[in-house]
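Protein sequence lines correspond, in order, to chains V and Z. So in my numbering, spot 249 of the first sequence is number 256, and the numbers just go up one at a time. So in my numbering, spot 190 of the second sequence is number 197, and the numbers just go up one at a time. Where is the CB? At the ideal position from N, CA and C, for every residue including glycine. Report on the structure given below.
2 protein chains.
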Amino acid sequence: MNAKNQRDWSVDALDVLRVDEGFRLADVDPESSPGHPGGKARGADDLARGAAGLDQLQERLFAASRTDATDASVLLVLQAMDTAGKGGIIRHVVGSVDPQGIMLTAFKKPTQEELAHDFLWRIEKRVPTPGMIGVFDRSHYEDVLIGRVRSLAPADEIERRYGAINDFEKRLTDAGTRVVKVMLHISRDEQRDRLMERLDRPDKHWKYNPGDVDERELWAQYMDAYQVAFERTSTDYAPWYVVPANRKWYARLAVQALLLETLEGIDPQWPTATFDVDAEKARLAAG
Amino acid sequence: MNAKNQRDWSVDALDVLRVDEGFRLADVDPESSPGHPGGKARGADDLARGAAGLDQLQERLFAASRTDATDASVLLVLQAMDTAGKGGIIRHVVGSVDPQGIMLTAFKKPTQEELAHDFLWRIEKRVPTPGMIGVFDRSHYEDVLIGRVRSLAPADEIERRYGAINDFEKRLTDAGTRVVKVMLHISRDEQRDRLMERLDRPDKHWKYNPGDVDERELWAQYMDAYQVAFERTSTDYAPWYVVPANRKWYARLAVQALLLETLEGIDPQWPTATFDVDAEKARLAAG
């Protein structure tokens with residue numbers, strides 16, 4: 008099974024979306040669909056096929072971890088401006104996987120107790136255990152994104168955090184976790200359209216927060232903060248991936264492809280029995 | 008929207024599966040499909056339609072809780088003998104819901120730290136917050152099931168627990184949680200067939216545990232322990248439901264119906280906007 012060959016990708020998503028040396032966020036077109044020939048209908052077909060593949064790979068990963076055959080796990084980190092589609096990714100991509108294999112955490116504004124600790128304290132508690140796919144809806148990167156834009160901490164503390172994040176992610180990786188960091192990239196105009204739709208529909212009002220418009224005023228500063236975060240924390244062991252997200256079908260397919268290719272890289276196998284199969288059959292038949 | 012009318016149920020699952028005064032587990036046929044005209048194909052259609060209804064109701068419940076419009080939540084407790092299909096229920100029924108609205112916990116053999124506390128200590132920590140659907144894969148009932156059968160605690164401690172469970176569930180209910188306690192009921196012969204299938208398929212070996220056959224020897228004692236638990240803890244505020252589970256299509260449909268009817272009972276509504284919609288539209292259009 009290979010994500011690229013099985014579906015319509017012309018290249019690996021892990022290659023084409025990766026943030027490497029010299030990357031500039033300003034050069035990424037949020038309308039684009041790199042690596043995929045495109046088309047909403049074709050995208051939907053691909054997504055369904057990919058879901059079946061993801062389902063199999065996840066079950067194998069989980070099974071392998073039950074008998075200590077692997078310490079591998081996956082951590083998907085989702086960061087984005089409001090309305091960029093994190094929720095849709097969780098619902099349609101993560102949601103296609105058996106919930107028993109998913110460890111999902113939505114990080115909100117830190118509580119008083121969380122603020123009293125180092126910024127990684129609450130993150131450590133939600134790191135996936137072997138065999139699991141962890142998903143962070145927002146993450147420790149908030150502490151160098153809104154943290155930087157809104158000066159929620161002194162400048163030297165923000166600086167310290169980039170190094171602390173790299174150390175943390177290196178430790179996770181050494182322990183068997185594949186860290187997949189995704190920024191969903193929409194344009195400022197697209198955000199306006201999506202916020203307007205929430206205002207137009209009474210069943211979407213609950214998703215609208217007047218504070219979102221305040222953050223929107225700081226768009227350029229946020230893009231700068233993302234650029235700096237990429238430069239400081241896109242490492243060999245835990246690179247960033249920027250996913251153009253104005254087209255929802257593409258963003259979902261791209262994140263699914265990143266997960267598929269990561270699991271294919273692990274290549275988990277069904278564990279062999281740790282008991283005598285024939286003896287167990289005899290025992291079971293007898294009673 | 009009404010679960011009974013929308014689909015093929017002739018009665019409410021909440022009524023027909025409920026454990027009332029005089030209930031005897033020994034009288035339930037695990038092959039039966041009470042309240043549903045039956046048929047695997049028809050069941051699959053119903054399950055797909057039910058998933059769409061569940062999806063809508065869950066989103067409304069979640070939305071209503073975001074603006075303090077409700078403190079309601081749901082807690083689905085799943086108990087069963089091995090192979091009865093808890094995993095399938097989680098995958099196919101719970102798995103059809105947006106993962107952002109689900110709080111799933113699989114309770115394993117207690118750790119040393121958990122054993123050092125009262126048996127409800129680890130349970131309390133995983134109670135669903137408002138707007139969420141909590142799911143317990145095994146639960147505090149293990150402490151009066153295997154706890155009783157294997158004498159893991161003194162007899163008077165087991166006796167104490169029934170009352171403690173009722174007090175706990177009353178408190179949950181008073182705080183807005185609908186507690187839906189489900190026992191999936193298979194026959195001993197069906198379990199043998201399912202265990203044998205796990206032994207026949209190398210990709211299922213990881214699900215087989217020789218200890219399962221030891222528990223199987225205690226089948227009658229387990230059925231007695233369930234009967235006592237029903238008599239002591241099936242209350243007005245938190246009744247038990249026994250779901251015949253030899254037919255997987257029926258068990259899934261029945262648990263889905265229990266969830267649907269419970270959510271319909273809550274009848275969550277889209278919350279009204281807490282901001283001036285027109286003013287926000289103007290502000291958004293301007294920037």
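{"Item": "Beta-carbon proximity check, Z:A232 vs Z:L152, cutoff 8 Å", "Value": "yes"}
{"Item": "Extent of the continuous alpha helix (DSSP H) run through V:R178", "Value": "A162 to D181"}
{"Item": "Chain-ordered neighbours of Z:D105 on chain V, where CB pairs are closer than 7 Å", "Value": "R98 and G102"}
{"Item": "Cβ-based burial, Z:F69 [other Cβ within 10 Å; buried from 16]", "Value": "buried"}
{"Item": "Terminal residues of the beta strand (DSSP E) in which Z:K188 lies", "Value": "T184 to H192"}
{"Item": "Environment of V:R98 [buried if 16+ CB atoms lie within 10 Å]", "Value": "buried"}
{"Item": "Cβ-based neighbour list, V:P41, same chain, cut-off 6 Å, excluding 5 preceding and 5 following", "Value": "V23"}
{"Item": "V:V84, enclosing beta strand (DSSP E) - first and last residue", "Value": "S80 to A87"}
{"Item": "Beta carbon proximity, V:P278 to chain Z, threshold 8 Å", "Value": "yes"}
{"Item": "Closer than 8 Å to chain V by CB, Z:W128", "Value": "no"}
{"Item": "Terminal residues of the beta strand (DSSP E) in which Z:F143 lies", "Value": "I140 to D144"}
{"Item": "V:P37, buried or exposed, once every other Cβ within 10 Å from all chains shown has been counted against 16", "Value": "buried"}
{"Item": "Limits of the unbroken beta strand (DSSP E) element including V:A113", "Value": "I109 to A113"}
{"Item": "Cβ separation of Z:L260 and Z:G50, assumed to be a contact under 8 Å, to the nearest whole Å", "Value": "5 Å"}
{"Item": "Contacts of V:I109 in chain Z (Cβ-Cβ under 7 Å)", "Value": "P106"}
{"Item": "Within 8 Å of chain Z by C-beta, residues of the region 263-289 of chain V in sequence order", "Value": "W277, P278, T279, A280, F282, V284, E287 and K288"}
{"Item": "Neighbouring residues, chain Z, relative to V:L191 (Cβ below 7 Å)", "Value": "Within 7 Å Cβ-Cβ: nothing; V:L191 doesn't reach chain Z, min ~16 Å."}
{"Item": "Burial state of V:Q86, where buried means 16 or more other Cβ atoms lie within 10 Å", "Value": "buried"}
{"Item": "As assigned by DSSP and simplified to three states, the class of V:R56", "Value": "helix"}
{"Item": "Neighbour-count burial assignment, V:R223, 16 or more Cβ in a 10 Å radius", "Value": "buried"}
{"Item": "Local Cβ density within 10 Å of V:E287, reported as buried at 16 or more and exposed below that", "Value": "buried"}
{"Item": "Cross-chain neighbours of Z:D75 in chain V, by beta carbon under 9 Å", "Value": "Going along chain V, no residue has its Cβ under 9 Å from Z:D75, so there is no contact; the nearest lies around 11 Å."}
{"Item": "Z:V35: first and last residue of the uninterrupted beta strand (DSSP E) it sits in", "Value": "Run containing Z:V35: none; DSSP gives neither H nor E here."}
{"Item": "Minimum C-alpha distance to Z:D219 - residue among Z:V18, Z:T240, Z:A293 and Z:R201", "Value": "Z:R201"}
{"Item": "V:Y233: first and last residue of the uninterrupted alpha helix (DSSP H) it sits in", "Value": "W226 to T240"}
{"Item": "Under 7 Å by beta carbon: chain Z residues contacting V:M88", "Value": "Neighbours of V:M88 on chain Z: none; closest Cβ ~14 Å, over 7 Å."}
{"Item": "Cβ of V:E38 within 8 Å of any chain Z Cβ", "Value": "no"}
{"Item": "Contact check, Z:E149 vs Z:F114, beta carbons under 8 Å", "Value": "yes"}
{"Item": "Delimiting residues of the alpha helix (DSSP H) encompassing V:V156", "Value": "I153 to V156"}
{"Item": "Listed by chain order, chain Z residues near V:E224 by CB distance under 8 Å", "Value": "G294"}
{"Item": "Host alpha helix (DSSP H) of Z:W247 (start-end)", "Value": "Premise fails: Z:W247 lies in the beta strand (DSSP E), W247 to P251, not in any alpha helix (DSSP H)."}
{"Item": "Element boundaries [alpha helix (DSSP H), containing Z:E131]", "Value": "W128 to E131"}
{"Item": "Short CB-CB distance (under 8 Å) between Z:V220 and chain V", "Value": "yes"}
{"Item": "Outcome for V:P161 when other beta-carbon atoms lying within 10 angstroms are tallied against a minimum of 16", "Value": "exposed"}
{"Item": "Partner residues on chain Z for V:L202, Cβ-Cβ distance less than 7 Å", "Value": "L291"}
{"Item": "Coarse secondary structure for V:R208, derived from DSSP in three states", "Value": "coil"}
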